[in-house]
Structures are given as structure tokens and as C-alpha cells.
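Add 29 to the 1-based position in the sequence shown for our numbering, that's all there is to it.
Worksheet for the structure shown next.
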Amino acid sequence: MYNIRDYVTKKTKFTSINRQEQHDSVIDIKNMAGSQIHKNEVFFFFFILICHTIVSACPKLGWSRKAATEAEGVAIIYCSGHGQAYIDGDIVDGKPSCECNTCYGGDDCSIFFSNCTANAESGDPLFLKPYWEKHAADSAVVVAGWHRMSYSTTGKNYITTELERHIRMLHRAVGNAVTDDKFIVFGAGSTQLLYALVHALAGSLNTSSPDSVVASVPYYAPYREQTEYFDSKLAEWRGVTSEWVNASKGSTNNFIEFVTSPNNPDGVLKKALLNGSLTINDHAYYWPHFTAISEPVDEDVMLFTTSKLTGHAGSRFGWALIKDENVYNRTLRYMELNTEGTSRETQLRMLKLYKVILAKLGGGKGDIFTFGYKTMRKRWIKLNQVVSLSKLFSLQKLPTSQYCNYFNTTRHPSPAYGWLKCEMEEDEDCDAVLRAGGISGRSGTIYSDDKKHVRVSLIKSQDDFDQLITKLTALVTHTKTTA
């Protein structure tokens, strides 16, 4: 394989005159073409050349220079717009290889597999990746080798005070949650905090029997899965909330109710149903991307995650806002025994991202919520257009318009997921219908609903969404012509 670094060394001559670097770059394009250099190496060549050319005009960097050069060198590796190379990716021919989007392959992700199944299953929020690509310089973080090596941080309980301060600032600026009288606990995503909060609330009731944990159908499966898996003496899964609605207040005092608003999977805004129960209010999707911000929520226990705020699901960061100090301390104790806090590198990255968001709020082009809402709104409109082509499917009903305090205007639905229902009597298993049409979603049974429903994700990459629409269009069109 042709060594591009050797080529740069041999073909680029540098001289310095009067403390100014003058570059005499001798580049033989014919020789480059004749040596069959891979197009990624050509990109890398020009990147190195540009670095050498402009370095004298830039501030002199020290220990971070090598890391910055490496990061940008990998970022420009060509993946046809259908993939990405990462510094920690698999090394092929001496450089990180492209990691291709679903249904794409080849060294540079340029090969499309038309018979591939469209993946609309996961809640991977890659729809925000283009936003961060546009704000690459603002959002980049360089981590020193000695960054926060200690267990302790500037704040108590393994959290950095600046990150906590910026989270409170963000909620106030967006207007989606009251934080003034709340304690904050960090977790590895909201997933880690789910059972930490169940444990904390159950332990606060001091009852002789296990507390009952419930949720309204359709609900996010980990509520049940974690409660059953940990099988604690303090709490047990008792099923669907509606089965207990008519019970007396006294009989539901030892209940813990999960309330998800907007709900996953259907995007409906929800409230607690049981009288006297303790509630864990999961507001992962209560951001202007996905719903109108009608008021700041102000409950005793509230849960948020960065994955649905910034799109950085892989960073594994979430937080709980807790009013009661006893519940707060019990949650902290659980987290201390479990992980001794969240990664300091993650906290640093979150601080940087939240600073970018705060600096660009206001509804303009640089506002992440403007970008997110426009993207999700377009996808929701497109999905509805395709579904309306036949009577095969229907979608969840959401308010046609709501006033949003953040945007200071009326806005329309832009949910994270389509809650698809098969309307044909013979189509009892909607997941099977979609899979036969080349679409992978999540069956309604995962959310304790019936087989007639399937969740399809709208928050993945543009490639994923385009493939979903293509396959779904073919499915409804074929059904319409054969009916």
C-alpha cells in the first residue's frame, strides 16, 4: 500500500524566512493517480498539507496538537455520506475503517443493498448527527491524559458543579422543568436511574410487604424488566396501572407508578392515574424536538436523559430531579454502591454540549430545538402521507396543534415514534406483516400492548428513515393494487 505520509515528507519542502514559514509544495498529481492511492488517502494527504500550510497562522498548540490532528484526520475519511470512521474504529490498512449505515457496505459505504431490511427498531437518536457536524468546532472536546483521575470532583456526590449548574440553566431556558427546589443525581443514562429510583422510593415507605410497581399500557419495557430482574424485597411488578385505578386511596399508598410523558412509544402526554401513589415521572422526550412545551413540569421525582436531548445515546448520561431529601439520599446511596458516580469524561463532554445548546437558543438556525423540530416534523408528515395511501395501517392520534412556550407559537406534532396499527382483520400480527415487507420494528407486545401494534422509530439516521419510507410505500402500494 502506498504510504501517504512518506509522500508528504518527500514531496513537500518547507523553508522559513524572517520568522514566516513559506511553503513550496511540490505535488505531482499524475504520480498520485498512477500509484493507485485510495481516495481516503488522497483526502488524508490534502488534510496533512493544509495542516502544514496554516499552522504558522494558528495559535501554537502543545500537547493537544497531535490529538487534534488525529481527530480531524479521521473525521475526513470518505464514507460516501452513508457511514463514519471513528478514532477507536477497526483498523484496516493502517487507518480506521468506515462503519456503514444499515443497508450500506463496501470500503467507503458506497454499495447499497436494496434487499436489506429497513431498521426502524431502535431509539438511536442519530437524526441529530447533522446538527453536531455543523457545529463541530464548538462541540469538540480534548481530554488531557490526567483529566479528573480522582474519584472526587468539584461538587458533592461525584458530580461536577459546572455541569449541574448548566443543567439547571438549560431547564430554565427551555422552560420544561422546575429545578430550583430539587436535588440532582447523575446516572449512566436514565436506564441506570430507573431502578435506583424504584429502590429509593420503595425504601422510603417503610412497609412490611413489597411495594407495587405499575405503568400504563403501552409502556417502556425496562420499567417491568428491571423490577422483575432485580427481584428486590422492597418492590415487585404488579402490572398495568388501569387495573388499580378504582382501588381506594389507602390501598394504593404503597404503589410506585411510572408515568412517561411524552409516552414511549406513542408520544401521548400523560399524568399519574392512582390516588396516593408515588410516581417516577419519565420526561425523556419532553423537549421541543418532540412535543410542545406547555409548562415546566414540577413533580417530586423527574427523570431526563441526554440521549433524547442532544442525541448522544452512547455517552450514557441522564439525571433525576428529586424534591425529597430522604429519597435523594437513598438514590445517592444506590448509585454509590453501584458505580460510584458517572464517568468524568462523560460529564466533561456533556458540559461542552450543553454550553453549545445554551449559546444558540432562541429559535434561530443554530438552535438545536429548531433543527430537531423541523427534522421530526418533516418525518412525521412523510410517514402520515405514506400510511394514508391505503387502509392497511393507522397511526396514533395526537393533537393537531399546541401552543409551545419555547417557540412562542403554535406547533404541530413531531413524535419520536410512529405507533403503527394494522387495520386489516386478518393481520393479527402486525410485526410479522412489516417484517414480510422488509421492515424491522418493535412489536406492541414489548410494550404490553397487543400484536396489532408496532413501534417504528423516526429518530434514526436519514438513511434509516428513507429506507423505512421506501419499504412502507412499497408495502401499502402493493396491498392497494392487489386489493
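Beta carbons: idealized from backbone N, C-alpha and C, even for Gly.
In this text the structure is predicted, and so the values were computed from the model without any measurement.
Secondary structure of residue i, DSSP reduced to three states
i: N148; result: strand
i: Y258; result: helix
i: Y249; result: coil
i: L504; result: helix
i: H195; result: helix
i: W161; result: helix
i: C108; result: coil
i: C138; result: coil
i: N235; result: coil
i: A217; result: coil
i: V103; result: helix
i: K211; result: coil
i: C132; result: coil
i: Y446; result: strand
i: A276; result: coil
i: V227; result: helix
i: A166; result: helix
i: R177; result: coil
i: D460; result: helix
i: V269; result: strand
i: V203; result: helix
i: S241; result: strand
i: K124; result: strand
Exposure of residue i, with buried meaning 16 or more beta-carbon neighbours within 10 Å
i: N293; result: buried
i: F259; result: exposed
i: I410; result: exposed
i: F142; result: exposed
i: V274; result: exposed
i: V483; result: buried
i: L497; result: buried
i: D240; result: buried
i: A206; result: buried
i: T399; result: buried
i: K500; result: buried
i: L90; result: exposed
i: S513; result: Here the chain comprises residues numbered 30 to 512, so residue 513 is not present and cannot be evaluated.
i: V121; result: exposed
i: H312; result: buried
i: I322; result: buried
i: T404; result: buried
i: E365; result: exposed
i: D137; result: buried
C-alpha distance - residue i paired with residue j, whole-angstrom precision
i: G118; j: T289; result: 36 Å
i: D493; j: A503; result: 16 Å
i: E286; j: L230; result: 11 Å
i: H341; j: V171; result: 17 Å
i: V330; j: E99; result: 43 Å
i: S93; j: G174; result: 10 Å
i: Y252; j: G123; result: 44 Å
i: K407; j: L377; result: 33 Å
i: K185; j: G152; result: 32 Å
i: Y357; j: T190; result: 17 Å
i: R267; j: A244; result: 9 Å
i: R359; j: T368; result: 14 Å
i: L157; j: L487; result: 12 Å
i: K480; j: Y432; result: 34 Å
i: V55; j: I105; result: Because V55 carries a pLDDT of 33, less than 50, the predicted location of this residue cannot be relied on, and the following value inherits that uncertainty. So the alpha carbons of these two residues sit roughly 23 Å apart.
i: E162; j: Q113; result: 12 Å
i: I309; j: C451; result: 32 Å
i: V385; j: A96; result: 21 Å
i: G447; j: N144; result: 23 Å
i: G401; j: L338; result: 9 Å
i: E570; j: H200; result: Shown here, the chain extends from 30 to 512; a query on residue 570 therefore has no answer.
i: V269; j: S477; result: 9 Å
i: K420; j: M453; result: 8 Å
i: K352; j: L223; result: 16 Å
i: P159; j: K262; result: 46 Å
i: G296; j: A461; result: 23 Å
Query raised in the report: Do the region 375-383 and the region 158-173 meet, that is, are 3 or more Cβ pairs less than 8 Å apart?
Result: yes
Query raised in the report: Is the region 311-321 touching the region 439-452, taking contact as three or more C-beta pairs under 8 Å?
Result: yes
Query raised in the report: Unbroken beta strand (DSSP E) runs of length 3 or more, entirely within the region 384-442: which are they?
Result: 431-433, 438-440
Query raised in the report: Counting Cβ pairs closer than 8 Å, one from the region 214-233 and one from the region 342-360, do we hit at least three?
Result: yes
Report task. Could you say if the region 144-152 and the region 461-476 meet the contact criterion of at least three C-beta pairs nearer than 8 Å? Result -> yes
Query raised in the report: Of all the beta strand (DSSP E) runs that stay within the bounds of the region 281-355, which reach a length of 3 or more residues?
Result: 284-289, 307-311, 330-334, 347-351
Query raised in the report: What beta strand (DSSP E) runs, 3 residues minimum, are completely inside the region 464-501?
Result: 482-486
Requested in this report: Flag this pair as touching only if the region 410-419 and the region 368-377 have three or more C-beta atom pairs under 8 Å; answer yes or no.
Outcome: no
**Report entry** Inter-stretch contact (C-beta, 8 Å, three-pair minimum) for the region 106-115 and the region 126-139
**Finding:** yes
Query raised in the report: Would you say the region 302-311 touches the region 384-395, given that touching needs at least three Cβ pairs under 8 Å?
Result: no
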